[in-house]
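S.K.: Protein sequences appear in the order of chains A and B.
With the first letter of the first sequence counted as 1, position 181 gets the number 181 in my numbering; the numbers rise by one all the way through.
Each number in my numbering corresponds to the 1-based position in the second sequence with 1000 added.
Sharing a structure here in structure tokens format.
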Amino acid sequence: MKMTKIYEGSHQWIMFGRDEGKPANIIDTNQYVVRTANRCLLLDPGGAELFAPMMAAVLHHAPVDQITDLFASHQDPDVISSLGLWDQALTNAKLHAPAIWEGFLRHYSCESIEYVPIPDNGGTIKLDSVELQIIPAHYLHSPGNFHVYDPQAKILMTGDIGAAFEAPDAPVFVDNFSAHVEKMRHWHQRMMPSNQAKRVWIERVRNLDIDILAPQHGRMFKGDDVKRFLDWFDALQVGIAV
Amino acid sequence: MTNQTKSQFVAVASITSELSAVMVVAKEISLAAANAKAIAFRAGDKAKGFQPITDFINELAKETIELVTDINIHALVLYRLTVNEFQKTTAYNKLELAAKMAGDAVYANTMQEPLDNARLSMQDCQRQFKRDVSQLLGQLEAVMHHARAARVIAANSRIEASQAGEYLQSLQAVAESVDKAAHTIHDNVQRCRIALSIYRNN
Ligand SMILES: [Fe+2]
Ligand SMILES: [Fe+2]
């Protein structure tokens, strides 16, 4: 599992991905970790197949008992089917996840982990002195869907928005936006169901000060590529399967 | 999922299906008993010996139904336990793998405690599973006992039927159906026991 530090300040952001041990037939994912003084938040911790490599990788940054928070942007298996395994490993943790998916996600088993339902209008996650904002992104693609924004690190974790599918050794940042577009087009057109939801989200996100846009698949967008991505996505017709 | 877990799931799930067949048959016995009672009543003195037998058959059918109802509840608990044990075992194996993969990570040693806990709770589950299997085997044995008793009664019924004059045929039919039903119950329950017994001690 490749680890890349993407923010270092009063706290850290680390991106985990490009796992070389991943079975070829499951989708490649990025996991993000926010590490504060005594706590550790895993954003979209990943599928069950990824649990052991992910756990092992996190142990380079935090002891098990300081993994106190998990966040699931939505209910997909590539996001959170590892829940039942984290549930066995962690004794003092919370899962922040969309309220509407509680009854669904509990199928993965969530007994020792406390399920903290996120209401439709979002909320915050406090980790030591760091406060992260939970930004609604419903219907993009899941009907109950959230992103996480860190105003201090200026990072927006966007789940399936901005996703692309890459070779296992691809760089972690977009370096040629126009070439990258083709890797994203079909995914966004097919997976994102609503032009209206897209418009609302872009409006909301344009008001945020973003250095890094961090999707759950593929490469991150940095600096001007963030705006390029938003413009491109703004102009894209989605929901093409009907 | 290993073959062992797979067959454990199948064994536990098959109990419920075998038992639903037992339930149907036990209800048939109960019906046969009611039928026999009516015939014996009409036959009057000629079927004197048959009357207490019908009550006995009815009682036996009732008890079997109660037992099977109770076993079904236990089988459901056992099924949940199987699911639980599977999850606990999977979790333990994954935690062990994570600990191995963590290698020389700074905090690798902090995995020891969750790993130990996962092992204990997996072993707990395995013990509880074995305990519940033994208990269920005991209950199944009780049903088989009833089935054997029903066959003895069926044999007696045949003798009594032979003295019932013109009612001979209908009473003999009752005895036949009780015997057949008891046979089916015996076979089904035996299959459950064989499927389960390999989990008692290993
Ligand atoms: Fe998704
Ligand atoms: Fe995804």
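Idealized CB from N, CA, C, for every residue including glycine.
Per DSSP, which residues does Asp69 (chain A) bridge with? Please list them.
M.R.: For the purposes of this step, residue 69 (chain A) is identified with residue 69 of the first sequence, where counting begins at 1. For Asp69 (chain A), which the question treats as bridged, DSSP gives the partners A:Leu41 and A:Lys94.
S.K.: Rounded to the nearest angstrom, what separates Lys222 (chain A) and Met157 (chain A) at their Cα positions?
M.R.: Residue numbering aside, residue 222 (chain A) sits at position 222 when the first sequence is read from its first letter. Residue numbering aside, residue 157 (chain A) sits at position 157 when the first sequence is read from its first letter. Those two C-alpha atoms are separated by around 12 Å.
S.K.: With ligand 1 as the reference, list in chain order each residue whose Cβ lies under 5 Å from any of its heavy atoms.
M.R.: Residues with a Cβ closer than 5 Å to any heavy atom of ligand 1, in chain order: A:Asp76 and A:Asp160.
S.K.: Kindly list, in the order they appear in chain A, the residues whose Cβ is closer than 8 Å to that of Tyr1079 (chain B).
M.R.: The count along the second sequence starts at 1 and reaches residue 1079 (chain B) at position 79. Ordered by position in chain A, no residue passes the 8 Å Cβ test against Tyr1079 (chain B), which lies about 16 Å from the chain.
S.K.: Under the three-state reduction of DSSP, which class applies to His138 (chain A): helix, strand or coil?
M.R.: Position 138 of the first sequence, counting from 1, holds the residue named residue 138 (chain A). Note: His138 (chain A) maps to coil in three-state DSSP.
S.K.: Taking the alpha-carbon of Asn1093 (chain B) as reference, which of B:Arg1119, B:Arg1148, B:Val1143 and B:Ala1105 has the nearest alpha-carbon?
M.R.: On the second sequence, residue 1093 (chain B) is found 93 positions in, with the first residue counted as 1. Closest option to Asn1093 (chain B), Cα to Cα, is B:Arg1119.
S.K.: Does any CB atom of chain A fall closer than 7 Å to the CB of Thr1110 (chain B)?
M.R.: Here residue 1110 (chain B) corresponds to residue number 110 of the second sequence, with the count starting at 1. So, interface residue.
S.K.: Would you identify the three-state DSSP class for Leu1095 (chain B), choosing helix, strand or coil?
M.R.: Indexing the second sequence from 1 puts residue 1095 (chain B) at position 95. Of the three classes helix, strand and coil, the one that applies to Leu1095 (chain B) here is helix, per DSSP.
S.K.: So what's Pro53 (chain A) in DSSP terms, helix, strand or just coil?
M.R.: Here residue 53 (chain A) corresponds to residue number 53 of the first sequence, with the count starting at 1. Note: Pro53 (chain A) maps to helix in three-state DSSP.
S.K.: In the DSSP assignment, the beta strand (DSSP E) including Phe165 (chain A) goes from what residue to what residue?
M.R.: Against the first sequence, residue 165 (chain A) aligns to sequence position 165. Neither: Phe165 (chain A) is in no beta strand (DSSP E) and is coded neither H nor E.
S.K.: Using only alpha-carbon positions, find the residue among A:Trp13, A:Phe104, A:Asp120 and A:Ile27 that is nearest to Leu43 (chain A).
M.R.: Start at 1 with the first residue of the first sequence, and residue 43 (chain A) comes out as number 43. Minimum Cα distance to Leu43 (chain A) is reached at A:Trp13.
S.K.: For Ile125 (chain A), which beta-bridge partners are listed by DSSP?
M.R.: Walking along the first sequence from the start, residue 125 (chain A) turns up at place 125. A:Leu132, per the DSSP bridge assignment.
S.K.: Considering only heavy atoms of ligand 2, does any lie closer than 6 Å to the CB of Gln216 (chain A)?
M.R.: To locate residue 216 (chain A), count along the first sequence from 1; it is residue 216. Correct: Gln216 (chain A) has its Cβ closer than 6 Å to ligand 2.
S.K.: Just to confirm, are Asp95 (chain A) and Leu132 (chain A) a CB contact at a threshold of 7 Å?
M.R.: As a first step, residue 95 (chain A) must be located in the first sequence, where it is residue number 95. As a first step, residue 132 (chain A) must be located in the first sequence, where it is residue number 132. Going by the sequence as given, residue 95 (chain A) is Leu instead of Asp. Contact flag unset, no.
S.K.: Which residue wins for smallest C-alpha separation from Ile100 (chain A), given the options A:Gln152, A:Glu20, A:Pro151 and A:Gly122?
M.R.: Here residue 100 (chain A) refers to the residue found at position 100 when the first sequence is read from its first residue. Cα-wise, what sits closest to Ile100 (chain A) is A:Gly122.
S.K.: Give the interface partners of Gln1087 (chain B) over in chain A, defined as CB-CB distance under 7 Å, in chain order.
M.R.: Indexing the second sequence from 1 puts residue 1087 (chain B) at position 87. Per Cβ cutoff of 7 Å: Gly84 and Ser109.
S.K.: Whose C-beta lies closer than 7 Å to the C-beta of Ala1195 (chain B) among residues of the same chain, with five residues either side of it excluded?
M.R.: Here residue 1195 (chain B) refers to the residue found at position 195 when the second sequence is read from its first residue. Excluding sequence neighbours, Ala1195 (chain B) sits near Ala1011 and Ser1014.
S.K.: Rounded to the nearest angstrom, what separates Gln1172 (chain B) and Ala1061 (chain B) at their Cα positions?
M.R.: Position 172 of the second sequence, counted from the first residue, corresponds to residue 1172 (chain B). Position 61 of the second sequence, counted from the first residue, corresponds to residue 1061 (chain B). Distance between the alpha carbons of Gln1172 (chain B) and Ala1061 (chain B) is about 18 Å.
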